[in-house]
Amino acid sequence: MVAIKFLRRAALTAATLLVLGAGLAAGADTTADDAYAAGSVGAVPAGPAPAATPAKTTSPIGALFANGSHFCTASVVHSTTGDLVLTAAHCVKDGMAFVPGYHDGVAPLGMWTVTDVAVAAGWTSAADPDLDFAFLTVQQAGTTASLESLTGANVLGVDRGFTNRITLTGYPDTSDSPVVCEGTTTRSDTFQQRVACPGFPDGTSGGPWVTGGAVVGVIGGYQLGGDTPDVSYSAYFDDDIAKLYASVTG
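Set out below in structure tokens:
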């Protein structure tokens, strides 16, 4: 069976990865950077590097691109370096780039290349759905400002309980604008949570579950996020994600 949020073959690739360094994009036939440079993603202009201190008018939520197309969702999470993005572990692949605030073919801050990836050891060894989350380090050539200074960020919400009123956001593969839903989460398993929100198909994996400025989940986990577009799942954020976050932020 193919999970509706993201194709299962992505999980097979992700399961071989723990931490990828600056050579992440090396070896990919066509990265998202290449596509922008070649103009083959005509609807998403790279644009000039943003000024050092613009107003935070761009959403911290955006789309992940590779090979010229967006395929998953991610969001900026607070860090001291301001360059950290959160998504689902099963979204990890070569040649990724993050486009914050992407909408209607417009990339308001251009694209940010993923230079480093961290997933939990249990995801690497066994694709444990309770560990389906990943932190991405990003950068943009020629930009001196941090990503977080341009977009703002959600804080990481750990052990917030299984019942929260959240805003869920994701980018369907077939749309150049995000879908947004408000819903109340419930517990679905020991370390899994779910929310009933209609219209979250392929491409919405990694979409953040946000409550009160804290991200308490991302679409993923059970069946890579769910097998229908109307119910989404997430691994519960407990000490496992807290330890991974600490390993990245020091």
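Just so we're aligned: the sequence shown equals residues -25 to -1, 1 to 225 in mature numbering (1 follows the signal peptide of the UniProt record, and there is no 0).
All C-beta atoms in this analysis are idealised placements derived from N, C-alpha and C, irrespective of residue type, glycine included.
Note that the coordinates shown come from a computational prediction; the quantities given were computed from them, not determined experimentally.
Three-state class that DSSP yields for residue i in the structure shown
| i | result |
| --- | --- |
| Ala109 | strand |
| Ser44 | strand |
| Ser50 | strand |
| Ala221 | helix |
| Ala21 | Confidence at Ala21 is low in this model, with a pLDDT of 38, below 50, so the placement of that residue should be treated as unreliable; the coordinate-derived value is given next. Coil. |
Closest by C-alpha distance to residue i, when choosing among the options
| i | options | result |
| --- | --- | --- |
| Met71 | Val94, Gly136, Gly43 and Leu84 | Gly43 |
| Arg89 | Gln198, Cys66 and Ala96 | Per the sequence shown, residue 89 should be read as Val rather than Arg. Nearest C-alpha to Val89: Cys66. |
| Tyr197 | Pro35, Val130, Trp98 and Leu111 | Trp98 |
| Thr48 | Asp213, Leu219, Lys218 and Gly195 | Gly195 |
| Trp184 | Asp103, Val170, Val81 and Gly76 | Val170 |
| Gly132 | Thr224, Ser222 and Asp213 | Asp213 |
| Gly117 | Gly85, Leu219, Val206 and Asp103 | Gly85 |
| Gly136 | Arg162, Thr33, Asp151 and Thr144 | Arg162 |
Exposure of residue i, with buried meaning 16 or more beta-carbon neighbours within 10 Å
| i | result |
| --- | --- |
| Gly200 | buried |
| Val51 | buried |
| Ser54 | buried |
| Asp79 | exposed |
| Pro35 | buried |
| Gly188 | exposed |
| Ser100 | exposed |
Sequence-distant residues of its chain with Cβ nearer than 6 Å to residue i (five each side left out)
| i | result |
| --- | --- |
| Thr165 | none |
| Glu123 | Val51 and Gly57 |
Sequence-distant residues of its chain with Cβ nearer than 8 Å to residue i (five each side left out)
| i | result |
| --- | --- |
| Ser121 | Thr56, Gly57 and Asp58 |
Own chain, CB closer than 7 Å to residue i, minus 5 neighbours either side, in chain order
| i | result |
| --- | --- |
| Thr149 | none |
| Gln114 | Asp58, Trp87, Thr88 and Thr90 |
| Gly225 | none |
| Gly215 | According to the sequence shown, residue 215 is Asp rather than Gly. Hits under 7 Å: Ala95 and Leu106. |
Can you list, in chain order, the stretches of the beta strand (DSSP E) that have 3 or more residues and sit fully within the stretch 65 to 146? Qualifying beta strand (DSSP E) stretches, in chain order: 72 to 75, 87 to 94, 109 to 114 and 140 to 145.
Let me know the beta strand (DSSP E) ranges lying completely inside the stretch 156 to 213, each 3 residues or longer, listed in chain order. Considered as a whole, the stretch 156 to 213 harbours 161 to 164, 167 to 171, 183 to 186, 189 to 193 and 206 to 210 as its complete beta strand (DSSP E) runs of no fewer than 3 residues, in chain order.
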